[in-house]
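Inspection log for the structure reproduced underneath, given as structure tokens.
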Ligand code: DSN
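Dropping the structure here:
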């Protein structure tokens, strides 16, 4: 019996159920992944016990000799992985990382420009009800109505009109490549700082299958737990000239003590991403997404922008006459997890949108390849064709379990 089972059987039982859910279900939420056993060991380690406000070599507490080593290791590995001049590895997650950039480099009320939330942007990129929208003057660009892709001419026109201090690129529901150079040219024209939020595609950039913003952008934020496959957390990377302001904004501006156990796990994850096999994983994510997209198109699904270049697929279900929420719930019953999502120019609400968002990082981590993506696409189509039929959904769930049983999850021992 584990010590958790002994001391808290209720929590142990919940965890056990979640373990089976993760192992026997098809995980298609594009922002989720399976961290390695090594990442989870570091994350659940004795660094949980430590406080270390400040930065390596400049702390406000004693007993820092090992914390300093692990934080410096995480910094050095992230620098090597992304080829950047400066890294802060302390942000608790993506939203605090973005907040630190804004509060470190801007004044209240300055104009920031990001992609509209329901076109694929993020809450912290200027949604009026988030801290970003409340503290700054937010201007939103959109995708093109015809192509459902970014139109750099329209973005340039808007930037010239609104003169933002900060331009944000990098998205949560955009299935195409991003032209960093074009964004940089626009920013230079209007005198804006450039911020890339690569949370979704950091693993693809680290693995060399998506172009890096590093040669062009001033500041880059990313969470560490999506395609990068680390612990839940974030980092901020920047050119040297922004380092001091960003570090001050993280601590003491926004945060107190960093989560040292997470820092240790970030170091492990960056070490894993530096290994040659990470490149194969990143390449396979994209191959899998393209295969799944192809299969869904064959099944008559209407993919936003017509396909994908990265790890995610956004599907408008209007032609299938199934709202996104209903689809998500039906697929849950079939053992397939994804999320309902708005599509560009969605006439429906974010609580009950027209689409679903799905991605391949987690399935790629457990070793699935193109033949399995065909099966996954068939399961989705079959489940949505029979979304009111409980027995049919239960039968698909059994088939899903059988498929998943052949692909153990790293870090999950059943
Ligand atoms: N919650 C993340 C996602 O699912 O894309 C973004 O922060």
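Numbering (the numbering used here), first residue to last: 3 to 416.
No residue lacks a Cβ here, since even glycine has one placed at the ideal position from N, Cα and C.
This structure is a prediction, so every number in the text was calculated from the model and none was measured.
Excluding the 5 residues flanking residue i on each side, which residues of the same chain have their C-beta closer than 7 Å to its C-beta?
| i | result |
| --- | --- |
| residue 242 | 87, 88 |
| residue 45 | 233, 263, 264, 267 |
Where does residue i fall in DSSP's three states?
| i | result |
| --- | --- |
| residue 211 | coil |
| residue 180 | coil |
| residue 56 | strand |
| residue 61 | strand |
| residue 19 | helix |
| residue 318 | strand |
| residue 240 | strand |
| residue 359 | strand |
| residue 88 | strand |
| residue 36 | coil |
| residue 175 | coil |
| residue 310 | coil |
| residue 6 | helix |
| residue 154 | helix |
| residue 229 | coil |
| residue 390 | coil |
| residue 351 | strand |
Pick from the options: whose alpha carbon is nearest that of residue i?
| i | options | result |
| --- | --- | --- |
| residue 372 | 57, 290, 205, 90 | 290 |
| residue 316 | 360, 48, 339 | 360 |
| residue 358 | 333, 369, 17 | 333 |
| residue 165 | 142, 35, 301, 23 | 142 |
| residue 33 | 319, 310, 203 | 203 |
| residue 222 | 238, 53, 208 | 238 |
| residue 257 | 92, 26, 71, 47 | 92 |
| residue 280 | 329, 321, 363 | 363 |
| residue 49 | 61, 59, 65 | 65 |
| residue 206 | 71, 284, 52 | 284 |
| residue 84 | 301, 273, 383 | 273 |
| residue 154 | 58, 182, 21 | 182 |
| residue 140 | 152, 163, 112, 41 | 112 |
| residue 138 | 11, 110, 393, 392 | 110 |
| residue 134 | 149, 148, 150, 117 | 117 |
| residue 216 | 192, 235, 185 | 185 |
| residue 79 | 56, 208, 36, 38 | 208 |
| residue 253 | 152, 37, 60, 76 | 60 |
| residue 20 | 8, 5, 36 | 36 |
Are the C-beta of residue i and some C-beta of chain D separated by less than 8 Å?
| i | result |
| --- | --- |
| residue 390 | In the displayed structure, chain D is absent; only one protein chain is listed. |
Heavy atom of ligand 1 less than 7 Å from the Cβ of residue i, yes or no?
| i | result |
| --- | --- |
| residue 127 | no |
| residue 102 | no |
| residue 38 | no |
| residue 124 | yes |
| residue 33 | yes |
| residue 223 | no |
| residue 96 | yes |
| residue 174 | yes |
Is any non-hydrogen atom of ligand 2 found closer than 7 Å to the C-beta of residue i, if you look at the structure I gave you?
| i | result |
| --- | --- |
| residue 202 | For ligand 2, the structure offers nothing, since it holds only ligand 1. |
Excluding sequence positions up to five away, which residues of its chain have a Cβ less than 6 Å from the Cβ of residue i?
| i | result |
| --- | --- |
| residue 288 | 211 |
| residue 327 | 342, 354 |
| residue 370 | 409 |
| residue 53 | 63, 259 |
Spatial neighbours of residue i within its chain, please: CB distance less than 8 Å, with the 5 preceding and 5 following residues excluded, ordered by chain position.
| i | result |
| --- | --- |
| residue 28 | 337, 338, 339, 365, 378, 381, 402, 405, 406 |
| residue 255 | 102, 105, 106 |
| residue 30 | 338, 339, 340, 360, 361, 362, 364, 365, 378 |
Cβ pair count under 8 Å reaching 3, the segment 390-408 against the segment 6-16: no
Contact the segment 123-136 vs the segment 165-180: 3+ CB pairs below 8 Å: yes
Meets three-Cβ-pair contact criterion under 8 Å: the segment 292-299 and the segment 337-354: no
The segment 304-320 / the segment 243-261 touching (three or more Cβ pairs under 8 Å): no
Any 3 or more C-beta pairs closer than 8 Å across the segment 223-230 and the segment 194-202: yes
The segment 270-290 in contact with the segment 126-136 per 3-pair CB rule at 8 Å: no
Cβ pair count under 8 Å reaching 3, the segment 300-309 against the segment 173-183: yes
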